[in-house]
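K.L.:
Okay, handing you the structure first.
There are 2 protein chains.
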Amino acid sequence: MDAPVDIVLTDRHNYNTFQPLLYQVATAGLNPGDIAYPVRSYTRGHPSLTFRQDVVTNVDFARREVSFVEGAPTSYDYLVLAAGAATNFFGVEGAEEHARGIYTMEDAVAVRNTVSSTMERAASHGVQEGDLTVVIVGGGPTGVEMAGALAELRNMELKTTYSMLDPSLCRVVLVEQRDRVLGAFHSKLSSYAVKVLTDRGVEVRLDESVKQIHAASVVLGSGEVLLCALVIWAAGVGACALTESLDLPKIRGRIEVGPDLRVTGFDDVFAIGDMASARLAGSDQPLPQLAQPATQEGKHAGEQIARLLKGEATTPFVYKDKGIMATIGRKAAVAEFPSGLRLRATPAWLAWLALHLVFLLGVRNRTSVLVNWAWRYVSWRRGPKVIAGG
Amino acid sequence: MDAPVDIVLTDRHNYNTFQPLLYQVATAGLNPGDIAYPVRSYTRGHPSLTFRQDVVTNVDFARREVSFVEGAPTSYDYLVLAAGAATNFFGVEGAEEHARGIYTMEDAVAVRNTVSSTMERAASHGVQEGDLTVVIVGGGPTGVEMAGALAELRNMELKTTYSMLDPSLCRVVLVEQRDRVLGAFHSKLSSYAVKVLTDRGVEVRLDESVKQIHAASVVLGSGEVLLCALVIWAAGVGACALTESLDLPKIRGRIEVGPDLRVTGFDDVFAIGDMASARLAGSDQPLPQLAQPATQEGKHAGEQIARLLKGEATTPFVYKDKGIMATIGRKAAVAEFPSGLRLRATPAWLAWLALHLVFLLGVRNRTSVLVNWAWRYVSWRRGPKVIAGG
Chain P
66 MDAPVDIVLT DRHNYNTFQP LLYQVATAGL NPGDIAYPVR SYTRGHPSLT
116 FRQDVVTNVD FARREVSFVE GAPTSYDYLV LAAGAATNFF GVEGAEEHAR
166 GIYTMEDAVA VRNTVSSTME RAASHGVQEG DLTVVIVGGG PTGVEMAGAL
216 AELRNMELKT TYSMLDPSLC RVVLVEQRDR VLGAFHSKLS SYAVKVLTDR
266 GVEVRLDESV KQIHAASVVL GSGEVLLCAL VIWAAGVGAC ALTESLDLPK
316 IRGRIEVGPD LRVTGFDDVF AIGDMASARL AGSDQPLPQL AQPATQEGKH
366 AGEQIARLLK GEATTPFVYK DKGIMATIGR KAAVAEFPSG LRLRATPAWL
416 AWLALHLVFL LGVRNRTSVL VNWAWRYVSW RRGPKVIAGG
Chain Z
66 MDAPVDIVLT DRHNYNTFQP LLYQVATAGL NPGDIAYPVR SYTRGHPSLT
116 FRQDVVTNVD FARREVSFVE GAPTSYDYLV LAAGAATNFF GVEGAEEHAR
166 GIYTMEDAVA VRNTVSSTME RAASHGVQEG DLTVVIVGGG PTGVEMAGAL
216 AELRNMELKT TYSMLDPSLC RVVLVEQRDR VLGAFHSKLS SYAVKVLTDR
266 GVEVRLDESV KQIHAASVVL GSGEVLLCAL VIWAAGVGAC ALTESLDLPK
316 IRGRIEVGPD LRVTGFDDVF AIGDMASARL AGSDQPLPQL AQPATQEGKH
366 AGEQIARLLK GEATTPFVYK DKGIMATIGR KAAVAEFPSG LRLRATPAWL
416 AWLALHLVFL LGVRNRTSVL VNWAWRYVSW RRGPKVIAGG
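Keeping their order, the protein sequence lines are chains P and Z.
So the first sequence is residues 66 to 455, counted in my numbering.
So the second sequence is residues 66 to 455, counted in my numbering.
What follows is the structure in structure tokens.
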């Protein structure tokens, strides 16, 4: 659909991160550049689209004006808020200071550097209890993927590259508050995931909460203390700073929108993706904070603006669930489709692989990812395993 | 040659940087991971070789002991000093604070991030004089390669990705104190390099010195002031901190060694590469601070230790010059061989390309570099052009 509009796209970064593969950057399977796509490579084909790298500080909805950290304010006729979410530490003591989210490129690179330098230090200077233990909080797709990737790193990398290290000292512990991982999936797939993770050496702790996080330890709800080198927080996302600062109606931290995705009380402001509270049609249930709802909502918001410009009425957003997937590691994944079809093991893993390659924007990025992956699965060695400032 | 030795290899990084291609990381043509090779990938095939990531603080030559920042001291029977060089700012006012070397991975990533964010800021917020000017100090191979790569970035990237920017505001200035660039090459090749650089839009300033460097300007010897966003210092290397701190005889900042590469006055200490003053056989001329002498010296030092262990006398080091090369950009390079053969333009460029691919350690790194290069030269687009903390 073409509409007679000038678009200003603004973001604090000049690249788009393919978040579903952040865990692979965090475990040194992919380079940051492999899953980052320059925004300008996309905008350059669209003369009516201007990109502005900047940070939004405020929106004056009465004056229809957006303020930035660096440049001059910009006025708008229509505004689409799509600033995403941020890691939510749910107020757990010490979590914000000592645990690492896995939600941004900076997060992923920080985890990668910690894991690499931890192994390096252990190889050079010896190991004490906890020095090589990673605790992952949260058994959703992100937590399961991180745990599986770390287990592969331990099982494969340690044997060859760090043969002087005792694998039993290298623990991966996954802590989940509920009685199963991958709560959004059928319970059979949850059980499968726990079995695979356990087979690969991950210690899965179900029905277990985290009480406190310290610099080198985690205190569980049971009182048990796990000494560790790194705590990865994969327990969920919450409102980003912009959402919090905007004076808009919210439902559990997400901006309240009507069926057409306009913010309640506004004719000219849309909110989409993780920061908005779009619901499943005919239901009160908010949509999950995933890429699928976000991209569909983006398309819908664009179409509504085109309709409004033509003087037409808006239409309600209808979410089309295409299914959910999570990968555990090599030849192990789970997938579940609205039709009721459930896949696991190699078929699910191949489906996951194909889908993620197709979705990665840009031919070049795909090629590089393919080379990295092909090499890794042929050689069982990881690629860019380097501690570098870049 | 096999010798009955235990080897401890120590370095502050756990990767080896392929320095000849740092300028490509700096100009976003390659990912850092493409030219960094994990040391452990090399050491794991050699059980007698232990790697220790640490920083050497001191050597007690009397007690034959090396001290480190992190771990316990290590004693040695033989010591090979090979800590390299550091950027030498030759005391130019403001150089150390405001100019960027191009000698380490950190340097290259910092240059890349400055170039990217400078273009991004200009595209989003407009340009003033100097905002897009890069001044390169030093017309040796590093300076010429950087200037050529930046010119390509400007000529190709600006047109497509940053079409809103006026290319004439984007200046690349190369300042060289002597009357020609690439002083180690034949003067005909120097003239060719200047012609190609000028054709591609680089402002080459010969017979020109740099007096002062400020945060956003360079004052030349002539008094002219160049406003600029970035100053890249490619004017030469000097002693690294370790060389300076060690109480050893030195010649112009480099550790003095005898013909067998042992440090003058020592039976059990060798010094090789950039930090040592090995000379051309039968001459007082020190060998250039390049990879070729360094790798040949490394091999020689290893052989001498094997000889000493067998009770044999040492042999003098004889440098075999295999020729020198520098690339200016696509289809433009120069090469000069001891036989007198001189190449330029496409033949030299193809020779350069082949040689650098072969020398890059490790199959995987080569594959990834090939993909990046092939893609770039087919599409005239650069690959990983992303400002990210990793």
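Glycine included, every Cβ here is placed at the ideal spot set by N, Cα and C.
Since we're looking at a predicted model, the values are computed, not measured.
Bridge partners for residue 277 of chain Z per DSSP, in chain order?
P.N.:
Residue 277 of chain Z is bridged to Z/158, Z/284.
K.L.:
For residue 203 of chain Z and chain P, any beta-carbon pair shorter than 7 Å?
P.N.:
It does not: the Cβ of residue 203 of chain Z has no partner Cβ on chain P nearer than 7 Å.
K.L.:
To the nearest angstrom, how far is it from the Cα of residue 107 of chain Z to the Cα of residue 81 of chain Z?
P.N.:
Answer to the nearest angstrom: the Cα atoms are 10 Å apart.
K.L.:
What are the residues in the region 219 to 232 of chain P lying within 9 Å of chain Z by C-beta distance?
P.N.:
Flagged, chain order: 225, 226, 227, 228, 229.
K.L.:
Can you list, in chain order, the residues of the region 311 to 327 of chain P whose Cβ is nearer than 7 Å to any Cβ on chain Z?
P.N.:
Listed by position along the chain: nothing, the set is empty.
K.L.:
Over what stretch of residues does the alpha helix (DSSP H) that includes residue 264 of chain P continue unbroken?
P.N.:
Per DSSP, residue 264 of chain P belongs to the alpha helix (DSSP H) from 252 to 264.
K.L.:
State the DSSP-derived secondary structure class of residue 249 of chain P, mapped to helix, strand or coil.
P.N.:
The answer is coil: DSSP assigns residue 249 of chain P none of H, G, I, E or B.
K.L.:
For the region 332 to 348 of chain Z and the region 313 to 322 of chain Z, state whether three or more C-beta atom pairs, one from each stretch, are separated by less than 8 Å.
P.N.:
Verdict: yes, contact present.
K.L.:
Would the region 232 to 240 of chain P count as touching the region 191 to 207 of chain P if we require 3 or more Cβ pairs under 8 Å?
P.N.:
Enough Cβ pairs lie closer than 8 Å, so yes.
K.L.:
Mapping the DSSP letters down to three states, classify residue 184 of chain Z as helix, strand or coil.
P.N.:
In the structure shown, residue 184 of chain Z sits in a helix (DSSP, three-state: H, G or I).
K.L.:
Output the distance between the C-alpha atoms of residue 126 of chain P and residue 380 of chain P, rounded to the nearest integer angstrom.
P.N.:
The alpha-carbon atoms of residue 126 of chain P and residue 380 of chain P are separated by roughly 23 Å.
K.L.:
To the nearest angstrom, report how far apart residue 179 of chain P and residue 84 of chain Z are at their CA atoms.
P.N.:
About 25 Å.
K.L.:
Could you please give the first and the last residue of the uninterrupted beta strand (DSSP E) stretch that includes residue 354 of chain P?
P.N.:
Counting along the chain, residue 354 of chain P falls outside any beta strand (DSSP E), and DSSP gives it neither H nor E.
K.L.:
If you run the structure through DSSP and keep just helix, strand and coil, what is residue 339 of chain Z?
P.N.:
Residue state, collapsed to three classes: helix.
K.L.:
Compute the Euclidean distance between the alpha carbons of residue 294 of chain Z and residue 195 of chain Z, then round it to the nearest angstrom.
P.N.:
Near 6 Å, if we compare the C-alpha coordinates of residue 195 of chain Z and residue 294 of chain Z.
K.L.:
Does the region 131 to 141 of chain P touch the region 155 to 172 of chain P, meaning 3 or more C-beta pairs lie closer than 8 Å?
P.N.:
No contact exists between the region 155 to 172 of chain P and the region 131 to 141 of chain P.
K.L.:
At 7 Å on the CB atoms, spell out the chain P contacts of residue 135 of chain Z, in chain order.
P.N.:
The contacting residues are 190.
K.L.:
Residues in the same chain with beta-carbon distance under 6 Å from residue 346 of chain P, minus the five sequence neighbours each way, listed in chain order, please.
P.N.:
Excluding residues within five positions, the ones whose Cβ falls inside 6 Å are 383.
K.L.:
Using three-state DSSP, classify residue 329 of chain Z as helix, strand or coil.
P.N.:
Coil, per DSSP.
K.L.:
In whole angstroms, what is the alpha-carbon distance linking residue 387 of chain Z and residue 423 of chain Z?
P.N.:
Answer to the nearest angstrom: the Cα atoms are 15 Å apart.
K.L.:
Can you say whether residue 280 of chain P is buried or exposed, counting buried as having 16 or more other CB atoms within 10 angstroms of its CB?
P.N.:
Label assigned to residue 280 of chain P: exposed.
K.L.:
Are there 16 or more other CB atoms within 10 angstroms of the CB of residue 203 of chain Z, so buried, or fewer, so exposed?
P.N.:
Buried, because 16 or more other Cβ atoms sit within 10 Å of the Cβ of residue 203 of chain Z.
K.L.:
For residue 447 of chain P, count neighbouring Cβ atoms within 10 angstroms of its own Cβ and tell me buried if that reaches 16, exposed if not.
P.N.:
Residue placement at residue 447 of chain P is flagged as unreliable, the pLDDT there being 47, under the threshold of 50; the coordinate-derived value follows with that caveat. It counts as buried.
K.L.:
In chain order, which continuous runs of the beta strand (DSSP E) of length 3 or greater are located wholly inside the region 167 to 241 of chain Z?
P.N.:
As far as the region 167 to 241 of chain Z is concerned, its whole beta strand (DSSP E) runs of at least 3 residues are 199 to 202, 237 to 240.
K.L.:
Check whether the Cβ of residue 98 of chain Z lies closer than 7 Å to any Cβ atom in chain P.
P.N.:
Taking Cβ atoms only, chain P reaches closer than 7 Å to residue 98 of chain Z, which makes this a yes.
K.L.:
For a test of the three-state rule: what should DSSP assign to residue 98 of chain P, helix, strand or coil?
P.N.:
In this structure, residue 98 of chain P counts as helix in the three-state DSSP scheme.
K.L.:
Contact between the region 263 to 274 of chain P and the region 144 to 154 of chain P: three or more CB pairs below 8 Å?
P.N.:
These segments do not touch.
K.L.:
Near residue 145 of chain P, what residues of its chain come up, given a Cβ to Cβ distance below 6 Å and the 5 sequence neighbours on each side ignored?
P.N.:
Closer than 6 Å at the Cβ level, and outside the excluded window around residue 145 of chain P, lie 335, 366.
K.L.:
Got a sec? Which residues, its chain only, sit under 8 Å from residue 115 of chain Z by beta carbon, not counting five neighbours each side?
P.N.:
Closer than 8 Å at the Cβ level, and outside the excluded window around residue 115 of chain Z, lie 71, 72, 73, 74, 108.
K.L.:
Going along chain P, which residues have a C-beta under 7 Å from residue 119 of chain Z?
P.N.:
The answer, in chain order, is 189.
K.L.:
Nearest by alpha-carbon distance to residue 124 of chain P: which of P/206, P/307, P/396, P/247 is it?
P.N.:
Of the listed residues, the one whose Cα sits closest to residue 124 of chain P is P/307.
K.L.:
From the DSSP secondary-structure annotation, give me the bridge partner or partners of residue 315 of chain Z.
P.N.:
In DSSP, residue 315 of chain Z forms a bridge with Z/320.
K.L.:
Quick one: Cα of residue 406 of chain P to Cα of residue 412 of chain P, how far?
P.N.:
Rounded to whole angstroms, residue 406 of chain P to residue 412 of chain P spans 12 Å at the Cα level.
K.L.:
Are the C-beta atoms of residue 79 of chain Z and some chain P residue less than 7 Å apart?
P.N.:
Answer yes: the Cβ-Cβ gap between residue 79 of chain Z and chain P drops below 7 Å somewhere.
K.L.:
With distances taken Cα to Cα, identify the nearest neighbour of residue 206 of chain P among P/101, P/113, P/262, P/351.
P.N.:
If we check each option's Cα against that of residue 206 of chain P, P/262 comes out closest.
K.L.:
So for residue 103 of chain P, helix, strand or coil by DSSP?
P.N.:
Reduced to three states, the DSSP call for residue 103 of chain P is strand.
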